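Some notes on the structure that comes next.
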Amino acid sequence: MAATTNPTTGQSAAQHLVTGATGFVGGAIALELLTRTGVDLVCLVRGEDDATATKRLHDALVHAAEVYDLQDLVPSVLERTRAVAGDITDADLAATAERIGTVDAVWHVAASLKYEDRHADEINLMNVTGVHNVLALAKSLGEPVFNQVSTAYVAGRRTGLQTESSPEDTTWANNVYEATKTIGEQAVRESGLPWRILRPSIVIGHSVTRAATSFTGMYGFVSSVLRFKRSVEAELGNLLSHRRVPIISDPAIECDLVPVDFVARNAVAIGTAGELGRIYHLNNSTSPQVGHVIEEVFELVGLRRPQFVTSQGMLTAVDKKLDDGIQFYASYMVNGKHFDQSNTDAVCGADASVFPMDRAVIRDFVQWYLHRIREDGRGSAPKRADFAYRARRSPQTVG
């Protein structure tokens with residue numbers, strides 16, 4: 226393959242292409258690749274030109290390295306990564322191949338996390354058309370291994386044990402997002418390229434520092450509950466201090482929260498040694514219960530312990546404001562499922578997916594996010610000393 230020169234060693238180094246490296250999971254995978262392998266990274270990043278895109282990439286990766294307490298990686302970020310300006314929704318994306326050069330592997334992480342029907346065109350453009358465009362680019366780059374980052378929740382409304390296999394179709398999808406991720410997986414499997422599909426569950430912050438660089442998933446749920454509380458207080462005063470808010474949920478089912486560094490570590494292990502043509506779940510084999518997560522969130526935002534109910538008929542008009550605000554998360558709170566990890570365990574070992582989360586650990590992650598909100602209305606990160614304090618409080622959770 227065409228190789229680049231590693232400025233640190235002066236020796237030729239293989240190249241991997243990463244999309245979504247300025248994002249949460251993509252950034253963590255990029256840092257893990259720099260840590261665990263000798264490859265150089267070329268990243269597809271939106272920007273006016275390659276220099277602008279590279280600055281955006283370096284800013285994002287340096288920030289991630291700092292909040293994950295990986296400052297030693299900063300020189301590698303600056304020396305071993307570069308960006309090529311491009312957009313996965315561009316029909317002419319394959320034309321960027323000349324500026325990229327031959328690569329050994331592609332890590333396609335970029336995606337839309339929106340889910341509402343009103344955004345269906347945008348979601349399809351990112352998660353379906355975008356996959357086809359990146360596949361076409363890969364074929365122009367020497368047909369490298371294609372590592373597709375999808376989601377464990379292509380399982381949709383299915384319950385019980387979910388195997389590392391392909392969904393038959395989109396019939397079971399809860400929303401447009403899940404449907405498009407299913408279709409994207411199908412495109413990868415049918416592409417003719419060597420492939421692996423990596424399926425994270427609900428990704429949360431770093432296992433040691435608790436920090437995150439994006440705030441969907443659990444953090445979006447926390448924000449929705451907080452907005453509900455503030456809205457009701459503005460209209461009805463201290464009503465919520467006198468009543469328990471009902472929420473539609475099965476409190477006993479699993480809430481599969483997995484730290485971003487666990488996802489990245491297992492993804493890179495699989496992406497460098499895992500068998501091709503297989504699907505791998507990247508989740509937490511020791512997930513907390515949904516009820517415990519919801520109760521901790523309610524307490525930390527200043528609400529009474531919720532009342533778990535089974536239908537909307539048990540909600541008042543006030544309660545429905547919260548129900549409307551958490552619609553994306555509704556399916557995670559009622560459709561109990563457990564993700565098989567046979568393929569992942571075969572590569573990484575069963576211990577690699579173990580991150581026990583008791584109530585104290587759940588609180589740590591939620592408190593980190595609430596602290597971030599309080600620190601600055603725009604959400605500036607907490608002081609690094611606070612990260613160290615949290616790690617000392619919960620040494621048993623360090624992965």
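Under this note's numbering, think of the first position of the sequence shown as 226, with each following residue one higher.
Ideal Cβ placement from N, Cα and C applies to all residues, glycine included.
Everything numeric in this text was worked out from a predicted model, so none of it was measured.
Assign His-344 to one of three DSSP states: helix, strand, or coil. DSSP places His-344 in the helix class (H, G or I) of the three-state scheme.
Check whether Gln-373 and His-333 have beta carbons under 8 angstroms apart: The Cβ atoms of Gln-373 and His-333 lie closer than 8 angstroms to each other.
Host beta strand (DSSP E) of Gln-532 (start-end): Where Gln-532 is concerned, the enclosing beta strand (DSSP E) stretches over 532-534.
Can you give me the Cβ contacts of Ser-416 inside the same chain, cut-off strictly under 6 angstroms, excluding the 5 residues immediately before and after it? Only Leu-360 meet the Cβ criterion.
Which ranges does the alpha helix (DSSP H) cover as unbroken runs of at least 4 residues, wholly within the region 268-347, from first to last along the chain? Entirely contained in the region 268-347, the alpha helix (DSSP H) runs reaching 4 residues are, in chain order, 275-292, 299-305 and 322-325.
Would the beta-carbon of Leu-259 fall within 8 angstroms of that of Leu-298? Their beta carbons are under 8 angstroms apart, which means Leu-259 touches Leu-298 by this criterion.
Beta strand (DSSP E) runs wholly inside the region 538-588, at least 3 long, in chain order: Fully enclosed beta strand (DSSP E) runs of 3 or longer: 562-564.
Check the C-beta distance from Asp-294 over to Val-379 and give it rounded, since I have them as a contact under 8 angstroms. Not a contact, Cβ separation roughly 33 angstroms.
Please list the terminal residues of the continuous beta strand (DSSP E) segment that includes Phe-523. Element bounds for Phe-523: not the beta strand (DSSP E) but the alpha helix (DSSP H), 515-526.
Segments of 4+ residues assigned as alpha helix (DSSP H) that fall wholly inside the region 460-510: Complete alpha helix (DSSP H) runs here, min 4: 485-498.
Within a Cβ cutoff of 6 angstroms, which residues of the same chain sit near Ser-301, ignoring the five residues on either side of it in sequence? Listed in chain order, the non-local C-beta contacts of Ser-301 below 6 angstroms within the same chain comprise Leu-259, local neighbours out to five positions each way being set aside.
Does the region 504-523 come close enough to the region 576-584 to have 3 or more Cβ pairs within less than 8 angstroms? Short answer: they touch.
Would you kindly check if the distance between the Cβ of Ala-377 and the Cβ of Ser-337 is under 8 angstroms? One thing to note: Ser-337 has its Cβ no nearer than 8 angstroms to the Cβ of Ala-377.
Within 8 angstroms, do at least three Cβ pairs link the region 322-333 to the region 364-371? Using a Cβ-Cβ distance cut-off of 8 angstroms, the region 364-371 and the region 322-333 are in contact, since at least three pairs of beta carbons, one from each stretch, lie closer than that value.
From the DSSP secondary-structure annotation, give me the bridge partner or partners of Ala-255. The bridge partners DSSP lists for Ala-255 come to none.
Minimum length 3: unbroken beta strand (DSSP E) runs contained in the region 411-445: Entirely contained in the region 411-445, the beta strand (DSSP E) runs reaching 3 residues are, in chain order, 420-425 and 427-429.
Does the region 549-561 come close enough to the region 489-497 that 3 or more CB-CB pairs lie under 8 angstroms? With a cut-off of 8 angstroms, the region 549-561 and the region 489-497 do not count as touching, because too few Cβ pairs lie within range.
Taking the straight line between their C-alpha atoms, what separation do you get for Thr-244 and Ala-276? Inter-residue distance for Thr-244 and Ala-276 is about 17 angstroms (C-alpha atoms, whole angstroms).
Alpha carbon of His-596 to alpha carbon of Ala-436, nearest angstrom: If I take the Cα positions, the gap works out to 11 angstroms.
Please say whether Thr-279 and Ala-308 have beta carbons closer to each other than 8 angstroms? Cβ atoms of Ala-308 and Thr-279: closer than 8 angstroms.
Leaving aside the five residues before and after Asp-342 along the sequence, list all residues of the same chain whose C-beta is less than 7 angstroms from its C-beta, in chain order. The residues are Val-401.
Cα separation between Ala-492 and Ile-254? If I take the Cα positions, the gap works out to 7 angstroms.
Val-508 and Phe-564 look like a contact to me (Cβ under 8 angstroms); what is the Cβ gap, rounded to whole Å? It is worth fixing the name first, because residue 508 is Asn in this sequence and not Val. Indeed, because the Cβ distance is near 5 angstroms, the residues count as touching under 8 angstroms.
Please check the pair Ala-398 and Thr-407, which I expect to be a contact at CB under 8 angstroms, by giving their CB distance rounded to whole angstroms. The beta carbons of Ala-398 and Thr-407 sit about 6 angstroms from each other, so the pair counts as a contact at 8 angstroms.
What is the residue span of the beta strand (DSSP E) that Gly-385 lies within? Per DSSP, the unbroken beta strand (DSSP E) holding Gly-385 starts and ends at 385-387.
Neighbourhood of Asp-486 by C-beta, 8 angstroms cutoff - its chain only, sequence neighbours within 5 removed: So the qualifying residues of the chain are Ala-253, Glu-257, Tyr-293, His-431, Ser-432, Val-433 and Gly-624.
With the cut-off set at 8 angstroms, would you say Ser-536 and Ile-473 are in Cβ contact? Yes, Cβ-Cβ distance for Ser-536 and Ile-473 is below 8 angstroms.
Inter-residue spacing [alpha-carbon to alpha-carbon] between Arg-603 and Ala-290: Note that Arg-603 scores a pLDDT of 46, beneath 50, so its modelled location is shaky; the value from the coordinates is reported in the next line. If you draw a straight line from the Cα of Arg-603 to the Cα of Ala-290, it comes to about 21 angstroms.
Would you kindly work out how many angstroms separate the C-alpha atoms of Val-267 and Glu-347, rounded to a whole number? Rounded to whole angstroms, the gap between the alpha carbons of Val-267 and Glu-347 is 26 angstroms.
Could you tell me whether the Cβ atoms of Ser-375 and Leu-318 are closer together than 8 angstroms? No, they are not a contact pair.
Can you give me the start and stop residues for the alpha helix (DSSP H) that Leu-362 sits inside? Element bounds for Leu-362: 355-365.
To which residues of the same chain is Lys-546 closer than 8 angstroms at the C-beta, ignoring the five residues directly before and after it? Non-local beta-carbon contacts of Lys-546 in its own chain, meaning distances under 8 angstroms to residues more than five positions away in sequence, involve Phe-453, Ser-456 and Val-457 in chain order.
Would Ala-322 pass as a contact of Leu-366 if the rule is Cβ separation under 8 angstroms? Yes.
Where Asp-394 and Glu-403 are concerned, what is the direct C-alpha to C-alpha distance, given to the nearest angstrom? Each residue's alpha carbon lies about 11 angstroms from the other.
Rounded to whole angstroms, what's the CA-CA distance from Asn-349 to Gln-566? Just pull it up for me. Cα-Cα distance, rounded: 28 angstroms.
Kindly identify the DSSP beta-bridge partner or partners of Leu-266. Leu-266 pairs with His-241 and Thr-306.
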